[in-house]
Amino acid sequence: MLERKQLKGRAQVTFVLPEDTPAGPLRLAGDPDHRSPTAHPLQPRGTRTHAPDVSVPTCNSHTFRYLAAGDYWFNDAQADHHDGTNNLIHT
């Protein structure tokens, strides 16, 4: 699930995944962090989910994917669009 909050000239996007989907440490990689799989670890929240907050420019599209243990890359079914490999979010 993607939660969005509009800020002045930027959007704050929270990438939310259930705590056990998939098991193990989770990371977010995409345009906002130049695809660095270490920039945004998904931290457990009290609601049995993982979620980092990322601030991105508005009026733009951004690609992202999730990385789990064992070099397992996966997509977000709730993304605005999929381009074959990546998820896209429009802000």
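Under numbering that gives the first Met the number 0, the first residue of the sequence shown carries the number 0, and numbering increases by one thereafter.
Just so you know, even glycine gets a beta-carbon here, dropped at the ideal spot from N, CA and C.
Alpha-carbon spacing of residue i relative to residue j, whole angstroms
i     : j     : result
Gly8  : Asp30 : 17 Å
Ala22 : Thr46 : 16 Å
Ala10 : Pro17 : 22 Å
Asp82 : Ser60 : 12 Å
Cys79 : Ser54 : The amino acid at residue 79 is misidentified as Cys; the sequence shows Asp. About 17 Å.
Phe73 : Ala67 : 8 Å
Gly69 : Pro40 : 15 Å
Asn85 : Phe63 : 6 Å
Cross-strand partners of residue i (DSSP beta bridge)
i     : result
Asp82 : According to DSSP, which records beta bridges pairwise, Asp82 is partnered with nothing at all.
Pro43 : His49
Gln11 : Lys4, Ser54
Assumed close pair residue i, residue j - CB separation to whole angstroms, cut-off 8 Å
i     : j     : result
Leu27 : Tyr71 : Contact doesn't hold; Cβ gap of about 14 Å is too wide.
Asp52 : Thr13 : 5 Å
Closest by C-alpha distance to residue i, when choosing among the options
i     : options                    : result
Pro56 : Leu1, Gly45, His89         : His89
Thr98 : Ala10, Lys4, Val15, Asn86  : Beyond the ends of the chain as shown, which are 0 and 90, falls residue 98; an answer cannot be given.
Ala50 : Leu6, Asn86, Pro24         : Pro24
Pro43 : Val53, Asp19, Ser54        : Asp19
Glu2  : Gln77, Thr62, Pro40, Phe63 : Gln77
Gln5  : Cys58, Gly69, Asn74, Asn86 : Cys58
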